[in-house]
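Residue numbers (our numbering), protein chains in the order written: chain V, -2 to 651; chain L, -2 to 651.
There are 2 protein chains.
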Amino acid sequence: MAAPHSPSSLSRYLDGEFWKIRDNLREGISNCELFQRSSYDLSLDQIRDLTADRLHYAMKLPLMQRHLTDQVLGRKKKFLNRSVDISEMICSADMATGVKMGVVCGLYGGAVTNLGSPEQVKQFYAPVLNLAFTGMFALTERGHGSNARGILTEAHYEPATQEFIIHTPCEDAQKMYIGNAMKGHYAAVFAQLIIKGEPHGPHCFIVPIRDQHGVMWPGVTAFDMRHKEGLHGVDNGILIFDHVRIPRENLLDKFGSVSADGKYSSRIRSKGTRFNAMIAALTPTRLALTVQAMAAMKLGLIIAVRYSHSRRQFGPKDQDEVKIIEHQTQYLRLMPHLATSLALTFTVRYAARLMDDALSQGQDLQSNRPLQALVAGLKAYSTWANVVCLQECRECTGGMGFMMENRIPSLKCDSDVFVTFEGDNMVMLQVVVRELMTQYTKQFEDSIVTGMIRNWSSSASDRIRTSFLGFSVDKVGDLSFLLKALSYRERVLQRSLAARLYAKVEKNKEEFFSAWNSCLHHVTSLALAHIHRVTLEQFALAVQECQVKDDQDLLSKFCLLHGTSLVYQERAWYLEHNYLSPGASRQIRNQLLELCRSVKDDALKVVADFNFPSCCIQAPIAGVVNPRAEWGFYPLSESPVSQSHAQQRAMSKL
Amino acid sequence: MAAPHSPSSLSRYLDGEFWKIRDNLREGISNCELFQRSSYDLSLDQIRDLTADRLHYAMKLPLMQRHLTDQVLGRKKKFLNRSVDISEMICSADMATGVKMGVVCGLYGGAVTNLGSPEQVKQFYAPVLNLAFTGMFALTERGHGSNARGILTEAHYEPATQEFIIHTPCEDAQKMYIGNAMKGHYAAVFAQLIIKGEPHGPHCFIVPIRDQHGVMWPGVTAFDMRHKEGLHGVDNGILIFDHVRIPRENLLDKFGSVSADGKYSSRIRSKGTRFNAMIAALTPTRLALTVQAMAAMKLGLIIAVRYSHSRRQFGPKDQDEVKIIEHQTQYLRLMPHLATSLALTFTVRYAARLMDDALSQGQDLQSNRPLQALVAGLKAYSTWANVVCLQECRECTGGMGFMMENRIPSLKCDSDVFVTFEGDNMVMLQVVVRELMTQYTKQFEDSIVTGMIRNWSSSASDRIRTSFLGFSVDKVGDLSFLLKALSYRERVLQRSLAARLYAKVEKNKEEFFSAWNSCLHHVTSLALAHIHRVTLEQFALAVQECQVKDDQDLLSKFCLLHGTSLVYQERAWYLEHNYLSPGASRQIRNQLLELCRSVKDDALKVVADFNFPSCCIQAPIAGVVNPRAEWGFYPLSESPVSQSHAQQRAMSKL
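Right under this line is the structure:
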């Protein structure tokens, strides 16, 4: 077992600046009885209660109390970087607890602190710290999930009583999938503000849902949605409002307020811009999703890599069977994902740092569209990477990987929803590209056509600033080659998309929606190309900054692998564009095979250095003893102690 | 709703020769209370009991009784073709019931009828028909799943008592994942036969596990493995034998028998060949898995396609939102899978026909290695295609697809195990390629090197027999082009693999296992290329044989789509081999986009013509009313009746 008290230098590097937070949480989780036992065999009610208990335990930790106090007081220094570390640790212990904490503190808390006044924060969020009540976040409606701008819930202002009347006018307006809906007390509800019949666009209101005794607020109905594929500990429900009256003070009024006599004022004139500003508050939550997906990947990889290093099957004639990690297909399936999980580790930290810098300089996130685009793209890339990774982990562990005791199935089922919630991935990719297109057209304000042509010719010489990395030789096997390749692809896709859209909209006068839709495959390719490039750059920088030579060498191999794998995936495109010759393309494949082979033994060190407590790993096939599933136990191959323990056990039993 | 009593001509064509069997089962399932309600909210014990009830109901159906009688009596005419149809229908109603039936009738029944004498069939299997007892199949051990040849369970013959002593000598010899282990009465146990200390290789023995009252047979222990990712209705367990005594008559003796005084005789001398012969009995079960995966795909696609045609989101400015099927990415994600499900429909029928022909001509399946390879390859291809398809269905239905009520999550979790059980897919692909390599080397018995060269030059002219299809024009958009392309890839991969292995083993004297392992990525590519080609050929033949012009036109589009999608996936390879120019490769992509767009509305007809009863579909988002999840209901877009019902409901509620 990776001993949590003697971390290696690599483990410290992977932990990053806030390793103390991580160590603190490792201890908190390991010492808590609530996290010692998996919960897949409980009833829905039991598992929800357990999740609530886990959440309360986590929020009461001194570290969390300090962190949430910072949130309440608006102390933003490196707040998100710390949040990211906390989120990863809590999610690794239990995904549902992490998601529920995300709902209460990230979404509800984020709405109040970002959209409300200091008084509102004091009234509606500060009491959450001592668990006086909890909150939920009600944006999505039955009829409008991805297209949140189209929500139908209404908030009519009544000057006589100085109240808002929150109302669900039709079935499509029901607030759906709302997390914490069956246990929480207040909801941050997005509704169309209407004053004297005049619409002012979506705003966020704090609506009481039920009191401490579970008595519902007049006019509020909460339906339990009950069984989902995963995240059973999160109580998702439907909220329906029947002329629910709330005080005027419950409108979170940072971006728009209503005076007692019903005058609307806002410092942002356009409804669309105002809504975007409000929604920008979601950006940190999206980054948290990336972190959650990354935690799931790492756990799956720890289990699959360890089992692959102890399970034996097939081998040379008349000799011992080999460890299954020795099979070419096995290491080819697992190693690229391990590289991706490392790339994400550094890229998440980069994105959090950018956000923290922006926030501590007093910037609003809504004005930082490149950052919003980066986070949206990372969310899509990481959650998909996780789905594919966990599926490979499940398959690479055979029948054992299908057993709940071995954790992979619940990781899969819990994290599957990440690809569609908090913004469907397909929509996230379009957010990325809208920003890339904006940047692109800004360059050529005089004439878009001349601009395009100029850009085309200048880029033909492929002057891309990767020199900061200090690599010079230009070969397939070099990181600089891979970085250039990813960058080239992004730029060509960007340029050609701009040209296509220009031709459709400007020249052929096609309706924009239809023009955009007919390019959607192109759009999604570009968005992912953008994120691929960023992840490889951030990984490369992290390699460069690593101070311990051995660690740097190790990370360097995984970084090369990540880049090689990204270029390999898209080699058809490179061949189509004559960027790779057929020979170079074959070389990329051989390089991928060779790199995967060369890191398969290092993989054991990397997964140990993720440094997750064994109560987070749980799986007996990863060497964690589980009295409920002794049959699944496989000792860690590097640990002679557990080896002899297993032999002892085997001998005593049979 | 697709009315089961007025099938279209396409529905009949998709049903095939035994449409009456399918109609009969549709009725049987629709009329049975046990299949009217999904079971995801039951406890493990409840769901297992329900599955047992469902199995009993299904086996008692007159149609099933006739079918099983044919199995007992060895009436093989078109037996497998009929089995395939039955399997698809039962699995569509409930995957666990289908799998459990597969264990009892396919695996246990298959072992007894294929490896036993007529007397043994009468004694050990005939009583299963009236449910006097049920059986299980115990091949896999803790230490040996994929590499079944290495099993460690022992069967010592004791002449004094004329008994075999079945014994589990170590933890690795425990029989693991055994389906029906907690409820069944007899097990077909594979064990190493040992007579007077001399090993004779694995043989199959019928071992009593428990009697009608649940009392265990002396020396037998069954551990419950309990919670899995899916298939909760199947009771998987571990069997441990402590010197369990069984009569001599319990050795299934078709391929090897032991006389009273302990003399071993077999008509097959080599242990390896003998084991292969026994394992060949598994071939039909593997085909059944393909059918089960296909059923899961079709159900997922019915749900996702219908929802995509009723759910609206985003649209042109100031206009109604569009149906989500109109989004380019949505149809691009779903349509190729729909084409694959059609290709599999026809390919499964082809493979079953080949097997039926072989069996009714009195051939043993073990002598028909090409057929074994085909079925192994189809198992791998189809179960992977299913995993990817269901994931897309889940994502394309957003949050709704994450709710258990909408069936996709349980389809995913139930069918996920297919990729690793009954032979891990990676092993299945190696079975395919071993056969392809055997065929290849047989051509050149004189000299492998000369042979290779001759073959290379002759194939340079690319003379491939696709003329039977009657296509002549040679363009990217033509089916004949696509067929040729798939065939070309298969042959080149085959040739180059042979050359690589030859160089490694013959010239460089590398150990075979290591040489093979270093080519494993190549091996798996070749195996899939082989199966791709077969599926497209069979689809093309089915189009040609379709008698109704409109249906033929429709199928023809999906066939082109299937071929285009297969070539598109591998376009990097074609570019590397200069088989596609960059321009042609881009044309393939445009063709894929255009074909997906052109069939997106036809898709509604196709999924209706799968003709599954609504109790199999279950999902409210596919227009099936579910009182437990009214909130999920989306009326079918083509059905004005359900439309008005929904409007009525919406109005009455709000």
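Glycine residues also receive a C-beta, built at the ideal position from the N, C-alpha and C atoms.
- Distance from the CA of V/N111 to the CA of V/K74, rounded to the nearest whole angstrom, comes to 15 Å.
- When C-alpha distances from L/F187 are compared across L/S412, L/D232, L/K225 and L/L279, the shortest belongs to L/L279.
- Neighbours of V/P579 in chain L, taken as residues whose beta carbon is under 9 Å from its own, are L572, E573, H574 and N575 in chain order.
- Taking all protein chains shown into account, L/P406 has 16 or more neighbouring C-beta atoms within 10 Å of its C-beta and is therefore buried.
- In this structure, L/A292 lies near L/E85, with their beta-carbon atoms less than 7 Å apart.
- Taking a contact to require three or more Cβ pairs closer than 8 Å, the region 45 to 57 of chain V and the region 92 to 111 of chain V qualify as touching.
- Around the beta carbon of L/D232, 16 or more other beta carbons lie within 10 angstroms, which makes this residue buried.
- The three-state reading of DSSP puts L/V603 in helix, counting H, G and I together.
- V/T270 carries a helical assignment under DSSP once its states are collapsed to helix, strand and coil.
- By the Cβ-count criterion, V/T158 is exposed, with fewer than 16 other Cβ atoms from all chains shown falling within 10 Å of its own Cβ.
- Ranking L/P124, L/G216, L/Q171 and L/F134 by CA distance to the CA of L/G140 puts L/Q171 first.
- The residue among V/G103, V/S595 and V/L236 with its C-alpha nearest the C-alpha of V/H164 is V/L236.
- From the beta-carbon of L/H224, the residues of chain V found nearer than 8 Å are Y37, D38, M400, M401 and E402.
- Bridge pairing for L/C201: L/F187 [DSSP].
- Think of a sphere of 7 Å around the beta carbon of L/Y174: the chain V residues whose beta carbon falls inside it are G396, in chain order.
- Of the residues assessed, V/F161 falls on the buried side of the cut-off, its CB having 16 or more other CB atoms within 10 angstroms.
- When C-beta atoms of the region 170 to 184 of chain L are compared with those of the region 200 to 214 of chain L, three or more pairs fall below 8 Å, so the two segments count as touching.
- Any Cβ of chain L closer than 7 Å to the Cβ of V/P205 would place that residue at the interface, and such an atom is absent.
- Of the residues V/D354, V/A277, V/W628 and V/F399, the one whose Cα lies closest to the Cα of L/H224 is V/F399.
- For the alpha helix (DSSP H) assignment, the uninterrupted runs of no fewer than 4 residues enclosed by the region 493 to 531 of chain L are, from N- to C-terminal side, 509 to 515.
- Distance between V/N505 and V/T435, taken at the CA atoms: about 20 Å.
- Against V/H518, the close residues of chain L are Q325, T326, L329 and L590, in the order they occur along the chain (beta-carbon pairs closer than 7 Å).
- Comparing alpha-carbon positions, the option among L/V385, L/R366 and L/S522 lying closest to V/W381 turns out to be L/V385.
- Contacts with chain V (Cβ-Cβ distance below 9 Å) from the region 13 to 28 of chain L involve no residue at all.
- When Cβ-Cβ separations below 7 Å define contact, V/G234 makes no contact with chain L.
- For the region 406 to 437 of chain V, residues whose beta-carbon sits nearer than 9 Å to a beta-carbon of chain L comprise P406, S407, K409, C410, D413, V414, V416, T417, F418, D421, N422, M423, V424 and L426.
- Within chain L, no residue has its beta carbon less than 7 Å from that of V/Q584; the closest one is some 11 Å off.
- Assignment of L/M179 by DSSP, reduced to helix, strand and coil, places it in the coil class.
- Secondary structure of V/R264 (DSSP, three-state): coil.
- About 6 Å separates the beta carbon of V/V81 from that of V/V345, a gap short enough to meet the 8 Å contact definition.
- Contact of V/R146 with chain L is not assigned, every C-beta pair being separated by 7 Å or more.
- With the rule of 3 Cβ pairs closer than 8 Å, the region 28 to 47 of chain L does not count as touching the region 64 to 78 of chain L.
- Residues of the region 131 to 162 of chain V whose Cβ lies closer than 9 Å to any Cβ of chain L, in chain order: T137, R139, G140, H141, G142, S143, N144 and G147.
- Within 8 Å of the CB of L/S267, no CB atom of chain V is found; the nearest one sits about 14 Å away.
- Within chain V, the residues whose beta carbon sits less than 8 Å from that of L/N514 are E323, H324 and Q325, listed in sequence order.
- With respect to chain V, the C-beta atom of L/Q491 has no partner C-beta closer than 7 Å.
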